[in-house]
Amino acid sequence: MNYVFALTVPLLFLGSFIFALVKKVSLYDSFTEGVKGAIPLVVSIFPYIASVTMLSLLLDVSGMESKLVGWLTPAFSFFGVPAEIAPLLFVKPLSGSGAIAVLSDILTKYGVDSYIARCACVAYGSSETIFYIGAVYFAGLKRKKMTLALAIAVFSYLASVVLCCFLCRFM
816 MNYVFALTVP LLFLGSFIFA LVKKVSLYDS FTEGVKGAIP LVVSIFPYIA SVTMLSLLLD
876 VSGMESKLVG WLTPAFSFFG VPAEIAPLLF VKPLSGSGAI AVLSDILTKY GVDSYIARCA
936 CVAYGSSETI FYIGAVYFAG LKRKKMTLAL AIAVFSYLAS VVLCCFLCRF M
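Going by our numbering, the first residue of the sequence shown is number 816, and it counts up by one from there.
This is the structure we're talking about:
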């Protein structure tokens with residue numbers, strides 16, 4: 816089965832190449848046109864991605880992240896979310912790789928079959944890095960009014976965490 820997966824991408828490229836030959840499309844010209852369109856996109860997205868990355872690192876290095884986690888832990892506990900996954904819930908909207916590290920720590924500390932680990936895994940798997948995706952999405956728009964969209968995304972993220980922890984109690 817691994818052999819089939821290893822051949823998937825090369826076969827897709829070969830299939831695309833054959834399809835272009837049959838349709839008599841100039842492959843090199845099409846490729847260069849695509850690259851021309853990608854460069855302005857990368858240039859327009861870069862400032863947003865850089866700012867989200869720097870914000871995530873600054874929150875971690877400054878110690879503000881741990882203070883915010885400490886302040887939010889009672890609220891999470893009130894809604895039935897284990898206090899032990901509060902660091903994951905704070906990091907996930909900002910950084911996917913940081914969230915993986917926190918999830919790994921939770922799994923190591925509490926075991927993979929514990930209630931806390933189940934909640935952490937479901938919360939991690941059912942969410943996205945909100946601010947990173949928002950930066951990428953809104954970079955291409957002319958109107959930059961993203962406050963409401965981000966507020967709705969954060970609210971739905973927190974609501975999904977509360978629901979997933981509630982459901983994990985019965986698993």
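Just so you know, even glycine gets a beta-carbon here, dropped at the ideal spot from N, CA and C.
Burial state of Phe-861 (16 or more Cβ within 10 Å): With fewer than 16 other beta carbons inside 10 angstroms of its own, Phe-861 counts as exposed.
Unbroken alpha helix (DSSP H) runs of length 4 or more, entirely within the segment 944-982: which are they? Qualifying alpha helix (DSSP H) stretches, in chain order: 945-954.
Whose C-alpha, out of Leu-829, Ile-945 and Val-858, is nearest the C-alpha of Lys-907? Among Leu-829, Ile-945 and Val-858, the Cα nearest to that of Lys-907 is on Ile-945.
Within the present structure, is the beta-carbon of Leu-918 separated from the nearest heavy atom of the ligand SAH by less than 7 Å? Among the components modelled here there is no ligand, and therefore nothing to report on the ligand SAH.
Does DSSP put Pro-889 in a helix, in a strand, or in coil? In the three-state DSSP reduction, Pro-889 falls in the helix class (H, G or I).
What whole-angstrom Cβ distance do Ala-901 and Phe-891 have, given they're in contact under 8 Å? Your pair Ala-901 and Phe-891 checks out as a contact, with CB atoms roughly 5 Å apart and the cut at 8 Å.
Count the CB pairs spanning the segment 820-838 and the segment 909-929 that are closer than 8 Å, and state whether there are at least three. Contact between the segment 820-838 and the segment 909-929 is absent, because fewer than three Cβ pairs lie under 8 Å.
At least three beta-carbon pairs within less than 8 Å, the segment 967-981 to the segment 933-948: Cβ pair count under 8 Å is three or more, so yes.
Nearest-angstrom Cα separation, counted from Phe-981 out to Phe-820: Straight-line Cα distance between these residues: approximately 36 Å.
Go ahead and pull the three-state DSSP assignment for Leu-842. In the structure shown, Leu-842 sits in a helix (DSSP, three-state: H, G or I).
Assuming Arg-984 is part of the alpha helix (DSSP H), what are its boundary residues? Segment: none, Arg-984 is in no alpha helix (DSSP H) and carries neither H nor E.
Looking at Val-867 and Tyr-947, is the spacing between their C-beta atoms short of 8 Å? Yes. Within cutoff.
Would you call the CB atoms of Ala-938 and Cys-979 closer than 8 Å? Contact: yes.
Pro-908 by DSSP, collapsed to three states: which one? In the three-state DSSP reduction, Pro-908 falls in the coil class, being neither helix nor strand.
For Gly-878, which three-state DSSP category applies? In the three-state scheme derived from DSSP, where H, G and I count as helix and E and B as strand, Gly-878 is classed as coil.
Using the C-alpha atoms, what's the distance from Ser-871 back to Gly-911? If I take the Cα positions, the gap works out to 10 Å.
Under the three-state DSSP convention, the category Phe-832 falls into: Assigned with DSSP and collapsed to three states, Phe-832 falls in helix.
Hey, how far is the Cα of Asn-817 from the Cα of Thr-823? In a straight line, the C-alpha of Asn-817 is about 10 Å away from that of Thr-823.
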